[in-house]
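FYI, in mature numbering (1 follows the signal peptide of the UniProt record, and there is no 0) the residues of the sequence shown are -17 to -1, 1 to 412. We treat Cβ as the ideally placed atom computed from N, Cα and C, and that holds for glycine. A quick note: this is a predicted structure, and the numbers were derived from the prediction, not measured.
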Amino acid sequence: MLICHILLLSTIDPSLGRLTYESLSQQALMEMVIQHVSTHEQKRWTDDNGNFLDLDMWSGVKLNGEGCVQKIDWADDIQYSKPTSHGKMSFEWLPETVEHVDISHRGSEGVFDAETLPKSLQVFYAVGNRLTGSFSLEKLPSGLTLLDLSDNEIAGTIQTSQKNASLERLMVGSNQLEGTIDLTDLPVTLKDFRCSSNTLTGSLNLCGLPKLMFSLFLHDNAFNGELDLTHLPEGMLELTLSQNKFSGPLNLTQLPERMEYLNIAANQLSESVDLDSLPKTLVQLGLEDNNFSGTVSLDNLPENLKYLTLSGNAFTGDVSLAKLPDNLEMLHLQDNQFDGRVILGALPPDLLELMLENNPLQEEVLLVDTGNTLWKGNSRDRANRVHMAACMGGAGTTTDESGGDLSSEGDDDEVLWDDDDESSDEDEE
């Protein structure tokens, strides 16, 4: 082993920043990768006497037809907390032939240095470790398509670059990244970028994102300024910008036509918001805990919408529930300033949560086109989970469109349910 150490040290080329390995065996290189891994962990690759097994017997290591390391899969199962005492991995010794590495959820230590990664590397999964260091997109291996460093201790700024012509997925959420980021200088090939739960700051230019991008997660940072969502990539499916400091008005009338998920909750956005031109494919929209105001129409929501949260704002006027989409499962309108009537139609059959509490609503409920059924649920249990009566804040008068009083004195919170002819009296809250 002493001879191996001398050979290794003699092959360092400081001018390249990467070790040269022409005279080293794949066996020797892999042993150096795990030289600082804990003794307990090394037992996976040693015999009963503590000697390293031949490389073709290493668990999680796949060799190519020439006997060179092609794939390393040492990932552990997802755990509630990171494992400890696994030791340190030395990525600078990875053989140049390695194309795929997965060390996810090991809790391993190590330094991530883009310049020392194998030039053949295509995929690098390292989520759930204790890796330190920083990285520049320009210095990543030219053939790398996926890099997942989520939930580590990577620090510094993100040095973007369009020079990387292969990167498709970049996940660096839950690290210690800071500073600003230029989203217009991302690789043109990038499709999925996840950088949530860091401390990034500054404004965002969302008008020059890569045209192929379909997913962008930037929630839980400290971004600020106004948001322009009118020039997102045509194929954008997911966008999360919640828990930042964005302010000003928000235009939702020109979103990508295939968008499915949009979350901009917990910011400082203000003024009125138009929900009449949302994409038909939208499944979830989160706008809660902002400073939106004015009236809001719920009559033209997309048919695929399942989750809509508008709570914690300052919306006013009537609450029209007469034309909600059939697929809606959750509607949160609580903690606003709605001060008009509640206009009810036949509610969606799969509605699980309808929250209206903490609004100064009028004591009037208008029934519109309900026929014989206000809500036709799948079970009494589901009906009870729709918090209608308790959430209306004491609305006591129920009228039809002609103005007739449909309520009875003393039954201020009565709600009409048709649950497949099953009585729900015994389950009233």
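Cβ-Cβ separation, residue j to residue i (assumed contact under 8 Å), whole Å
i: Lys102; j: Glu79; result: 6 Å
i: Ser73; j: Met15; result: 6 Å
i: Val106; j: Leu132; result: Not quite, the Cβ-Cβ distance comes to about 13 Å (not below 8 Å), so this is no contact.
i: Arg152; j: Glu136; result: So it is not a contact: roughly 21 Å between Cβ atoms.
i: Glu336; j: Leu314; result: 7 Å
i: Thr184; j: Gly162; result: 7 Å
i: Glu286; j: Asp309; result: 7 Å
i: Ser8; j: Arg27; result: About 20 Å; that fails the 8 Å criterion.
i: Thr292; j: Leu327; result: Their Cβ separation, rounded to whole angstroms, is 20 Å, which puts Thr292 and Leu327 out of contact at 8 Å.
i: Asn207; j: Ser230; result: 7 Å
i: Leu344; j: Glu312; result: Between Glu312 and Leu344 the Cβ distance is about 23 Å, and since that is not below 8 Å, they are no contact.
i: Pro193; j: Leu212; result: Not confirmed; about 16 Å, so no contact.
Identity of the residue in the options nearest residue i by Cα
i: Leu261; options: Gln226, Asp165, Leu220; result: Leu220
i: Leu201; options: Leu195, Asn207, Leu215, Ser180; result: Ser180
i: Leu160; options: Thr115, Leu173, Asp168; result: Thr115
i: Leu195; options: Gly156, Phe206, Ser149, Asn342; result: Ser149
i: Asn341; options: Asp322, Cys178, Gly328; result: Asp322
i: Glu82; options: Ser91, Glu92, Pro124, Lys71; result: Pro124
i: Glu49; options: Leu215, Leu270, Glu346, Asp39; result: Asp39
i: Arg177; options: Thr223, Ser253, Leu192, Glu209; result: Thr223
i: Gln320; options: Asn274, Leu210, Asp96, Asp30; result: Asn274
i: Asp257; options: Phe118, Lys306, Leu284; result: Leu284
i: Ile86; options: Glu98, Pro66, Asn246; result: Pro66
i: Thr167; options: Lys146, Leu104, Asp259; result: Lys146
i: Phe197; options: Val20, Pro216, Asp96, Gly191; result: Pro216
i: Leu100; options: Glu92, Val110, His88, Phe118; result: Phe118
i: Gly295; options: Met338, Asn287, Asn234, His19; result: Met338
i: Ala138; options: Thr22, Lys289, Gly218, Ser157; result: Ser157
i: Gly70; options: Ala97, Ser91, Ser276; result: Ser91
i: Ser255; options: Leu265, Thr172, Ala297, Lys263; result: Ala297
i: Asp60; options: Phe35, Leu77, Gly111; result: Gly111
i: Ala305; options: Leu169, Leu330, Arg324, Asp318; result: Leu330
i: Lys263; options: Thr140, Leu238, Asn234, Leu12; result: Leu238
i: Arg89; options: Phe95, Tyr63, Ala58; result: Ala58
i: Thr299; options: Leu281, Tyr290, Leu288, Ser276; result: Ser276
Bounding residues of the alpha helix (DSSP H) (the contiguous stretch that carries residue i)
i: His23; result: 22 to 25
DSSP bridge partner residues for residue i (one or two, in chain order)
i: Glu98; result: Its beta-bridge partners do not exist; DSSP assigns none.
i: His19; result: Lys71
i: Ser303; result: Ile326
i: Lys54; result: Lys45, His83
i: Leu339; result: Partner(s): none; Leu339 has no beta bridge.
i: Gly139; result: Leu160
i: Met313; result: Tyr290, Glu336
i: Asp131; result: Tyr108, Met154
i: Tyr244; result: Glu221, Gln267
i: Phe35; result: Thr29
i: Ala297; result: Ser276
i: Gly93; result: Leu114
Span of the beta strand (DSSP E), counted from its first residue to its last, around residue i
i: Glu14; result: Note, Glu14: premise wrong, no beta strand (DSSP E); alpha helix (DSSP H) at 9 to 16.
i: Ser117; result: Careful: Ser117 lies outside any beta strand (DSSP E) and carries neither H nor E.
i: Thr29; result: Where Thr29 is concerned, there is no enclosing beta strand (DSSP E), given that its DSSP letter is neither H nor E.
i: Arg152; result: 152 to 154
i: Ser253; result: 251 to 254
i: Ser276; result: 274 to 277
i: Thr292; result: 290 to 292
i: Gly269; result: 267 to 269
i: Phe107; result: 106 to 108
i: Leu350; result: 348 to 350
Complete alpha helix (DSSP H) runs within the segment 160 to 239 (minimum length 4 residues, chain order) | Whole alpha helix (DSSP H) segments, 4+ residues: zero.
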